[in-house]
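J.: Count along the sequence shown starting at 1, add 1, and that's the number in the numbering used here.
Using N, Cα and C, we set each Cβ at its ideal position, and we do this for glycine too.
Below is one structure. I have some questions about it.
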Amino acid sequence: MAKLPDESFRDSIGTINEEGKRNFIFPKKPVGKLYEKRKLLSYGLLIFLLSAPFIKINGNQFLLFNVLERKFSIFGFPFWPQDFYLFVISMIIGVVGLTLFTVAFGRIFCGWFCPQTIFLEMVFRRIEYWIDGDRGAQMRLAKQEWNAEKIRKRVTKWIIFFIISFIIANVFLAYLIGSEKVIEHIKEGPIENGKTLIALLIFTGVFYFIFAWFREQVCIIACPYGRMQGVLLDNKSINVAYDHVRGEGEKGRAKWDKRENRAETGKGDCIDCKQCIHVCPTGIDIRNGTQLECINCTACIDECDTIMDKVGLPKGLIRYASEDEIVKKEKFKLTTRMKGYIAVLTILIGVLAGLLFLRNDVEAKVLRLPGQLYQQKGEMISNVFTYKIINKTVHDFDNITIKLEKPEGVVKIVGNTHITIPAEKSFQGTLFIEIKAKELQDDKMKVKLGFYNNGKLIETTKTTFLGPRSFN
Numbered sequence: 002m003a004k005l006p007d008e009s010f011r012d013s014i015g016t017i018n019e020e021g022k023r024n025f026i027f028p029k030k031p032v033g034k035l036y037e038k039r040k041l042l043s044y045g046l047l048i049f050l051l052s053a054p055f056i057k058i059n060g061n062q063f064l065l066f067n068v069l070e071r072k073f074s075i076f077g078f079p080f081w082p083q084d085f086y087l088f089v090i091s092m093i094i095g096v097v098g099l100t101l102f103t104v105a106f107g108r109i110f111c112g113w114f115c116p117q118t119i120f121l122e123m124v125f126r127r128i129e130y131w132i133d134g135d136r137g138a139q140m141r142l143a144k145q146e147w148n149a150e151k152i153r154k155r156v157t158k159w160i161i162f163f164i165i166s167f168i169i170a171n172v173f174l175a176y177l178i179g180s181e182k183v184i185e186h187i188k189e190g191p192i193e194n195g196k197t198l199i200a201l202l203i204f205t206g207v208f209y210f211i212f213a214w215f216r217e218q219v220c221i222i223a224c225p226y227g228r229m230q231g232v233l234l235d236n237k238s239i240n241v242a243y244d245h246v247r248g249e250g251e252k253g254r255a256k257w258d259k260r261e262n263r264a265e266t267g268k269g270d271c272i273d274c275k276q277c278i279h280v281c282p283t284g285i286d287i288r289n290g291t292q293l294e295c296i297n298c299t300a301c302i303d304e305c306d307t308i309m310d311k312v313g314l315p316k317g318l319i320r321y322a323s324e325d326e327i328v329k330k331e332k333f334k335l336t337t338r339m340k341g342y343i344a345v346l347t348i349l350i351g352v353l354a355g356l357l358f359l360r361n362d363v364e365a366k367v368l369r370l371p372g373q374l375y376q377q378k379g380e381m382i383s384n385v386f387t388y389k390i391i392n393k394t395v396h397d398f399d400n401i402t403i404k405l406e407k408p409e410g411v412v413k414i415v416g417n418t419h420i421t422i423p424a425e426k427s428f429q430g431t432l433f434i435e436i437k438a439k440e441l442q443d444d445k446m447k448v449k450l451g452f453y454n455n456g457k458l459i460e461t462t463k464t465t466f467l468g469p470r471s472f473n
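In structure tokens form, the structure reads like this:
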């Protein structure tokens, strides 16, 4: 019978020692085919993350999350406060899609796509390997007294970490307030933009704290997505998994002895070299099964395959697999739960696509002034309204006119009749609508107004017009 794994790991996490203090992780530098693929993907995503706020599509920032002004831009598509329902649907689609992805493929997003992991593993840790050395050298340096070598390495690393954190803070601010404002503030200098500088220093401090000290604790403690996986995963979900059936055998794992035949002795293929633990960025033993700390980075797969290759045993002792595949030899297939998520996701995408197709770049609202009744001027009936026009485009409207489309009547603008609306701005004012009494069909009648820019119709809207109860 296979040896059961030690269950004590479930009572604690690898980053906390027995005294309840922080246990710093010194992961071995990973190597292997999957790591090389992850590097290429990470560098591509890094370029995307650092450049996205500076890319413009039709004059709109590619990605913008301006919470203060309630203005968002997703892939160059602008969302205004009036479009908040579209933004909410987009976020719901993202959550459902991520949920489906987790149910099917586990926490692979964390190890391969998450910005936190990409910056930590592909930027900060690689700098650390360059300055401090690999796992053994880092452990020795941590225990070493504060001599000239340690001070030089620590100060160099801290300065580089701070500079990179400051760059990330600038990019992060560009996502929040817009790249044009950030560039403008940089050109004007810190004296003219003290508040922006303070915000940048706060963000820099946060990023420095996360990447220089807090690190994997973000994935283990702070990230809500990490907590979700415990609910979403089941025996059919594909994860980075240890093949305990093969690895433990009948007599359990044992150190490698090239003189014996492990199949004849009943020993498992795991030679207990612990390299999978040393290379793990969250400090877990993958042989204990699925754990909340595992981010599916695949570093342990590469390391185990390297060891298996050296000792002449088949690769894949640690691999992407479901529990059912390991125990029951069942291949991956769509479950009823996955099909349900796919159906919900398809419906949501369809709804969003329809709403985006119907969405206008210009929005106009005309509302009757509260508490005001109609006025009768001879044969004309007059109502007073307030109106608001929102220009969601990146182009200026320099000559807006308002006409009554149905029924026949006259629109009179209060104040300046030459209406101009700059790009991404709004304009509001007051107007009177006058209609002949004989044209009225009811005491509360819907009227249609058209909004034109230089004679071109850009939007129509309807409002309610009040008239007398009896008329000719």
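Would you report the Cα separation of residue 24 and residue 15, rounded to the nearest angstrom?
T.: Cα-Cα distance, rounded: 7 Å.
J.: So residue 98 is in the alpha helix (DSSP H); what residue range does that whole segment cover?
T.: From DSSP, the alpha helix (DSSP H) with residue 98 extends over 85 to 106.
J.: Near residue 312, what residues of its chain come up, given a Cβ to Cβ distance below 7 Å and the 5 sequence neighbours on each side ignored?
T.: Contacts found: 257 and 272.
J.: Are the segment 372 to 386 and the segment 110 to 125 touching, with three or more C-beta to C-beta distances below 8 Å?
T.: No, because fewer than three Cβ pairs between the segment 372 to 386 and the segment 110 to 125 fall closer than 8 Å, the two stretches do not touch.
J.: Can you check the segment 433 to 459 for any beta strand (DSSP E) of at least 3 residues that lies completely inside it and give the ranges in chain order?
T.: Runs of the beta strand (DSSP E) inside the segment 433 to 459: 445 to 454.
J.: By the 10 Å Cβ neighbour count, where 16 or more other Cβ atoms means buried, how is residue 429 classified, buried or exposed?
T.: So residue 429 counts as exposed.
J.: Within 10 Å of its beta-carbon, does residue 5 have 16 or more other beta-carbons around it, so buried, or fewer, so exposed?
T.: In this predicted model, residue 5 has a pLDDT of only 46, less than 50, meaning its place in the structure is not dependable enough to derive any value.
J.: Taking C-beta to C-beta, are residue 221 and residue 177 nearer than 8 Å?
T.: Against a cut-off of 8 Å, the Cβ pair of residue 177 and residue 221 comes out as no contact.
J.: Could you pull the start and end residues of the alpha helix (DSSP H) that residue 118 belongs to?
T.: From DSSP, the alpha helix (DSSP H) with residue 118 extends over 116 to 120.
J.: What does the alpha-carbon distance come out to for the pair residue 274 and residue 170?
T.: Spanning the two alpha carbons is a distance of roughly 41 Å.
J.: Could you give the distance in angstroms between the alpha-carbon of residue 469 and the alpha-carbon of residue 444?
T.: Cα-Cα distance, rounded: 5 Å.
J.: How many angstroms separate the CA atom of residue 398 from the CA atom of residue 55?
T.: Between residue 398 and residue 55, the C-alpha separation is close to 25 Å.
J.: Report the rounded CA-to-CA distance for residue 437 versus residue 431, giving the unit in angstroms.
T.: Going from the Cα of residue 437 to the Cα of residue 431 covers about 20 Å.
J.: Would residue 241 and residue 319 qualify as a contact pair, given that the criterion is a beta-carbon distance under 8 Å?
T.: Yes.
J.: Under the three-state reduction of DSSP, which class applies to residue 162: helix, strand or coil?
T.: Of the three classes helix, strand and coil, the one that applies to residue 162 here is helix, per DSSP.
J.: Is the segment 351 to 367 touching the segment 457 to 467, taking contact as three or more C-beta pairs under 8 Å?
T.: Segments in contact, yes.
J.: With a threshold of 16 other CB atoms inside 10 Å of the CB of residue 34, please say whether the residue is buried or exposed.
T.: Residue 34 comes out exposed.
J.: Report the residue from 62, 447, 98 and 52 whose alpha carbon sits nearest the alpha carbon of residue 345.
T.: Ranking the options by Cα distance to residue 345, first place goes to 98.
J.: Does the separation of the CB atoms of residue 435 and residue 383 fall below 8 Å?
T.: Contact: yes.
J.: Where DSSP assigns a beta bridge to residue 59, which residues make up the other side?
T.: In the DSSP output, where bridge partners are listed per residue, residue 59 has none listed.
J.: How is residue 82 classed by DSSP in three states: helix, strand or coil?
T.: Residue 82 falls in the helix class under three-state DSSP.
J.: So, are the CB atoms of residue 325 and residue 196 less than 8 Å apart?
T.: Cβ atoms of residue 325 and residue 196: not closer than 8 Å.
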